[in-house]
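Residue -18 is where the sequence shown starts when you use the working numbering, and the numbers rise one by one after that.
A quick write-up on the structure given underneath.
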Amino acid sequence: IGHGAANSVTTGEENVAVGASALGSTTTAAANVAIGRSALLTNTTGAYNTAVGYKALEVSTTATRCVAIGAFALDALTTGNDNTAMGYDCAQSVTTGADNVAIGSRALQDCTTGFANVCVGYGAGRNITVAGTNTAVGTSALNDDTTGDNNTAVGYYAGRQITTGSGNTSVGYEAGESNATGFNNTCIGLRANELGSGSSGTFVGVRAGQSASGGSNVCVGYQAGDGISSGASNVCIGSDVDNPSATTHN
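Rendered as structure tokens:
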């Protein structure tokens, strides 16, 4: 239904096309659903795709088993399989990346060849380009991550400024927000290690190790170790327990 919709189909079966030029290049592909102007426009042999929205999956050619719902969702995807994008500009730049899930306006927006990322929330994982196996849930969670892999961020602004850091877990409002390049940190709690920049640290509790930037610190408890700055290898366990010096270790 619509001018040029599915007008190139030869042997393709069980396709649905609604909107001008929807499925306009499909020849032998089967079981696709395209609703919206230019949805799945250049798809030729890709099958089992669902595209709903203006230019959703527009330049896909052979991609298979993809779901794109929202204007411009997955509109740069060519051959990547098993991607799911729901929201305006969602996963807009993915080309050959596969197995990604992006839900929310501009979630995973700049991803090109990244794989197996799960990003849910406005701007979640927005700047991820080639990184893989990241999980971001919450507004702007992992927003600045570009090439960091294996990060998990859950909560508003959790892990927001991570760029190349890998293996980090940030759970809670602004947990681990500012650590751009650190790796293997665990930050659980409101603003846990919010301003830190070290690696291999464990911070559990509200504002635990909030500014700790040295490596291998362990801070467990309400505001435990929140006075540590560059000190490393400290252990602070208990509510408001702190290190005598902000720059040394205990």
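From the three backbone atoms N, C-alpha and C, an ideal C-beta is built for every residue, glycine too.
In this text the structure is predicted, and so the values were computed from the model without any measurement.
To the nearest angstrom, report how far apart glutamine 73 and valine 33 are at their CA atoms. Within the sequence shown, residue 73 is the residue found at index 92, counting from 1. Within the sequence shown, residue 33 is the residue found at index 52, counting from 1. About 14 Å.
Given glycine -15 as reference, the closest of Ala10, Gln90 and Ala20 once Cα atoms are compared: As a working note, residue -15 is residue 4 in the sequence shown. It is Ala20.
Proximal residues to glutamate -6 (C-beta, below 6 Å), its chain only, five neighbours per side dropped: Translated into positions along the sequence shown, residue -6 becomes position 13. For glutamate -6, where only same-chain residues beyond five positions count, the Cβ hits under 6 Å are Ala11.
Same chain, Cβ closer than 6 Å to threonine 93, neighbours up to 5 away in sequence not counted: In the sequence shown, residue 93 corresponds to position 112, counting from 1. Answer for threonine 93: Ser74, Thr76 and Thr110, listed in chain order.
Helix, strand or coil for phenylalanine 164 per DSSP? Residue numbering aside, residue 164 sits at position 183 when the sequence shown is read from its first letter. Assignment of phenylalanine 164 by DSSP, reduced to helix, strand and coil, places it in the coil class.
Nearest candidate by alpha-carbon position, reference glycine 61, set Ile16, Gly190, Gly27 and Phe184: Looking up residue 61 in the sequence shown gives position 80. Selected option, being the one with the closest Cα: Gly27.
Would you report the Cα separation of alanine 161 and arginine 107, rounded to the nearest angstrom? Locating residue 161 in the sequence shown gives position 180, where the first residue counts as 1. Locating residue 107 in the sequence shown gives position 126, where the first residue counts as 1. In a straight line, the C-alpha of alanine 161 is about 15 Å away from that of arginine 107.
For alanine 189 versus glycine 212, is the C-beta distance shorter than 8 Å? Here residue 189 corresponds to residue number 208 of the sequence shown, with the count starting at 1. Here residue 212 corresponds to residue number 231 of the sequence shown, with the count starting at 1. It is not a contact, given that the beta carbons lie outside the stated cut-off.
Nearest to threonine 144 by alpha carbon, out of Thr120, Ala205, Ala83 and Asn115? As a working note, residue 144 is residue 163 in the sequence shown. Comparing Cα-Cα distances from threonine 144 to each of Thr120, Ala205, Ala83 and Asn115, the minimum goes to Asn115.
Got a sec? Which residues, its chain only, sit under 7 Å from serine 147 by beta carbon, not counting five neighbours each side? As a working note, residue 147 is residue 166 in the sequence shown. Hits under 7 Å: Gly129, Asp130, Asn131, Asn132 and Phe164.
At the 8 Å Cβ level, is threonine 228 part of the contact set with chain D, yes or no? Looking for chain D here will not work: only one protein chain is present.
With the cut-off set at 8 Å, would you say arginine 172 and glutamine 142 are in Cβ contact? Locating residue 172 in the sequence shown gives position 191, counting from the first residue. Locating residue 142 in the sequence shown gives position 161, counting from the first residue. Taking 8 Å as the Cβ cut-off, arginine 172 and glutamine 142 do not qualify as a contacting pair.
What do you reckon, are the CB atoms on alanine 54 and alanine 79 nearer than 8 Å? Against the sequence shown, residue 54 aligns to sequence position 73. Against the sequence shown, residue 79 aligns to sequence position 98. Taking 8 Å as the Cβ cut-off, alanine 54 and alanine 79 do not qualify as a contacting pair.
Measure how close the beta-carbons of serine 159 and glycine 177 come, nearest whole angstrom, since I'm counting them as under 8 Å. Taking the first residue of the sequence shown as position 1, residue 159 is located at position 178. Taking the first residue of the sequence shown as position 1, residue 177 is located at position 196. That pair is a contact at about 7 Å.
Using DSSP with H/G/I as helix, E/B as strand and the rest coil, what is isoleucine -18? In the sequence shown, residue -18 corresponds to position 1, counting from 1. Reduced to three states, the DSSP call for isoleucine -18 is coil.
DSSP puts glycine 113 in a beta bridge; with which residues? Here residue 113 refers to the residue found at position 132 of the sequence shown. DSSP lists Phe96 as partners of glycine 113.
Sort Ala3, Asn64, Gly113 and Gly68 by Cα distance to isoleucine 50 and report the nearest one. Here the question's residue 50 lines up with position 69 in the sequence shown. Answer by Cα proximity: Gly68.
Confirm, please, whether the CB-CB distance from glycine 102 to glycine 113 is below 8 Å. Here residue 113 corresponds to residue number 132 of the sequence shown, with the count starting at 1. Here residue 102 corresponds to residue number 121 of the sequence shown, with the count starting at 1. Judged by their CB atoms, glycine 113 and glycine 102 are not nearer to each other than the 8 Å cut-off.
Residues that alanine 15 bridges to, as DSSP identifies them: Position 34 of the sequence shown, counting from 1, holds the residue named residue 15. Looking at the DSSP assignment, alanine 15 forms a beta bridge with Ala(-2) and Ala32.
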